[in-house]
Amino acid sequence: MFKRRRLTIQMKTAEQVELMRAAGLLVGRTLELLREAVRPGMSTLDLDTLAERHIRDNGGIPSFKGYHGFTGTICASVNEEIVHGIPRADKILREGDVLSIDCGAIVEGWHGDAAITVPVGEITDEERRLLEVAEESLWRGLAAGRAGARLTDISHAIESHIRSQGPYGIVEGYGGHGIGTEMHMDPLIPNHGAPGHGPVLEPGMCFAVEPMVNLGTKETAELDDGWTVVTTDGRSSAHFEHTFAVTADGPRVLTALDEGRDRFANLASAPQNG
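Residue numbering for the sequence shown follows my numbering, beginning at 63 and increasing consecutively.
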């Protein structure tokens with residue numbers, strides 16, 4: 063008989079959350095810079111260079127660079143690549159590509175982590191809808207991250223929205239995580255599951271939430287580079303992520319420029335699917 067390992071969730075003081083906000087704001091601004099820069103003909107290494115320069119020029123350290131040997135400042139995953147794509151000079155963006163950009167930064171020892179998926183020029187209506195569903199599922203998950211809720215309430219909110227929108231593949235085996243003085247900490251936050259399980263959320267907890275949604279199968283494979291995760295059917299994937307803090311007044315999205323106020327206001331006035 064094996065005893066289940068007890069989760070250790072790092073608690074932050076108000077001052078430490080402010081340091082995480084500084085890191086998160088740097089990540090958010092870096093992603094907005096990259097969003098505006100993306101165009102056909104660029105390499106993913108071009109974007110990586112831009113990201114590293116911006117992070118370092120603004121007093122941060124790239125979280126990803128050197129992490130277990132990873133060579134990039136960002137993860138740049140194109141089309142069927144779900145996560146952990148390595149920036150390369152020979153990976154040239156083309157009209158119609160779908161690009162996931164994952165970025166992390168450290169400020170005074172505290173981490174921020176976020177991801178966006180953007181179209182490269184014009185993409186198909188099916189892919190545009192995929193991006194909308196994945197991003198909305200992220201915000202539904204974030205909204206569920208209130209003090210007094212259970213951890214899997216986040217997972218359930220993400221899954222419920224995606225399931226209500228169509229037969230998308232919800233990636234398993236990868237998900238959100240605790241974050242603070244390290245980029246990846248307890249607990250793992252799956253993007254699927256029943257509500258009402260796991261630790262009770264308390265002010266001072268911080269998590270990164272990151273749904274990964276595929277047009278086709280949920281099945282994945284890792285490429286020979288040891289990093290890049292792809293869909294096994296070759297269809298496109300979308301990935302969105304934010305870091306948030308649990309507070310007495312609701313979730314505070316540390317990597318969103320406005321801390322999530324606009325999206326939460328829109329959610330509050332919208333029908334809740336699932």
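Even glycine gets a Cβ: it sits at the ideal position worked out from N, Cα and C. The structure displayed is predicted, hence computed values, not measured ones.
- When rounded, the separation of the alpha-carbon atoms in I241 and I185 is 33 Å.
- Distances from the alpha-carbon of G171 to those of A84, D152 and D108 put A84 closest.
- The region 245 to 252 makes no contact with the region 294 to 313, as fewer than three CB pairs between them are under 8 Å.
- Looking at the DSSP output, T282 sits in a beta bridge with T293.
- For M247, the three-state secondary structure derived from DSSP is strand.
- By the C-beta criterion, the region 190 to 201 is judged not to be in contact with the region 129 to 136, since fewer than 3 inter-stretch pairs fall below 8 Å.
- Distances from the alpha-carbon of M267 to those of L95, V315, K153 and D110 put V315 closest.
- Proximity of the region 213 to 232 to the region 173 to 182 falls short of the contact definition, fewer than three beta-carbon pairs being nearer than 8 Å.
- Contact check for L96 and L112: beta-carbon distance about 6 Å, within the 8 Å limit, so the pair qualifies.
- Annotated three-state conformation of L204 is helix, per DSSP.
- Only buried fits A167, as 16 or more other CB atoms lie within 10 angstroms of its CB.
- T290 is a Cβ neighbour of S139, given a cutoff of 8 Å.
- The beta carbon of E281 lies closer than 8 Å to those of G231, T293, T294 and D295 in the same chain, with the five residues before and after it left out.
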